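Undergrad:
Numbering (our numbering), first residue to last: 5 to 279.
#1: Enumerated in chain order, which unbroken segments of the beta strand (DSSP E) with a length of 3 residues or greater are wholly contained in the region 136-186?
#2: Given this structure, state the Cα-to-Cα distance separating residue 17 from residue 202, to the nearest angstrom.
#3: Three or more C-beta pairs closer than 8 angstroms, one from the region 209-218 and one from the region 238-247: is that the case here?
#4: Are any of the Cβ atoms in chain C nearer than 7 angstroms to that of residue 100?
#5: Just checking my contact of residue 30 with residue 78 at CB under 8 angstroms: how many whole Å lie between their CB atoms?
#6: Based on Cα-Cα distance, which residue from 257, 276 and 105 lies nearest to residue 122?
#7: Per DSSP, what kind of secondary structure is residue 114 in: helix, strand or coil?
#8: Which residues does DSSP list as the beta-bridge partners of residue 109?
#9: List the whole-angstrom C-beta distance separating residue 251 from residue 230, where the pair is believed to meet the contact cut-off of C-beta under 8 angstroms.
#10: Skipping 5 residues on each side, what residues in its chain have a beta carbon closer than 7 angstroms to that of residue 210?
#11: Does DSSP put residue 205 in a helix, a strand or coil?
#12: What separation, rounded to the nearest whole angstrom, lies between the Cα atoms of residue 11 and residue 263?
#13: If you draw a straight line from the alpha carbon of residue 180 to that of residue 73, how long is it in whole angstroms?
#14: What's the C-alpha gap between residue 22 and residue 8?
#15: Could you compute how far the alpha carbon of residue 54 sits from the alpha carbon of residue 148?
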């Protein structure tokens, strides 16, 4: 069992939350400024209902994440409040429990395939054991994503039950690279494929980045992880577009998130029973 105190200690030990997170204040403020300027990458598919200037963005992130509130603090380490992380994980557990009770349809996807796939897989498989249906539509669908260094050609793939994005261009060794992305295009492609096949939209989307914001903008309940420099999911949660955004560093080693998924499943009464 993973209790609250044990989980907080884990978050602090692995710098997933607390006063020594890897993301610097400079990095945070740059992303906050980009969101305030409505930069498409920072919006992650969100169409904000209100005007978020830099002061409002900082206030939002103080409230949702626990970053340092002083506008004059511009360099050095920033903070993710572990109490806010645990509270958000409790809300995510409630969202999973509600989906399990209705035996809903679930779509999971990640813009952090090298880091967060195992976290989303654990939640998705637990829902499947509870009678939910997992969907991985639009496999192989290709799209182009603009980046600061130019357009890259991508395709949708899946790692188990979790949709991911790969490069559409094979490397010299023949393997297609898994891509980190903030884009909402992958979830839009997946949802469009369901609609075109005459299938209902999912009851829940598990994800991060554009998976959260893109699904939430279409009115689909969505929940998952967001880092302290990812404003869009927290703005979407504040506006009622995204159901749950969990403040936690999203760049740690995959095993570090096992304690978080264990905690969520225990709180949702979805953890497998041991003999």
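Don't be surprised by glycine CBs; every beta carbon is placed ideally from N, CA and C. Computed from a predicted model, the values in this text were never measured in an experiment.
TA: Reading from the atomic positions:
#1: Contiguous beta strand (DSSP E) elements confined to the region 136-186 occur at 137-139, 146-151, 154-163 and 166-171, taking only those with 3 or more residues.
#2: So the alpha carbons of these two residues sit roughly 47 angstroms apart.
#3: They touch, by the three-pair rule.
#4: Absence of chain C from the displayed structure is noted, only one protein chain being present.
#5: Contact check for residue 30 and residue 78: beta-carbon distance about 7 angstroms, within the 8 angstroms limit, so the pair qualifies.
#6: With distances taken between Cα atoms, residue 122 lies closest to 257.
#7: Three-state result, residue 114: coil.
#8: Its beta-bridge partners are 137.
#9: So it is a contact: roughly 6 angstroms between Cβ atoms.
#10: Answer for residue 210: 110, 112, 124, 127, 128, 227 and 228, listed in chain order.
#11: The three-state secondary structure of residue 205, taken from DSSP, is coil.
#12: C-alpha of residue 11 to C-alpha of residue 263: approximately 7 angstroms in a straight line.
#13: Taken atom to atom, the span from the alpha-carbon of residue 180 to that of residue 73 is near 42 angstroms.
#14: Their Cα atoms are separated by approximately 15 angstroms.
#15: Taking the straight line joining both Cα atoms gives about 29 angstroms.
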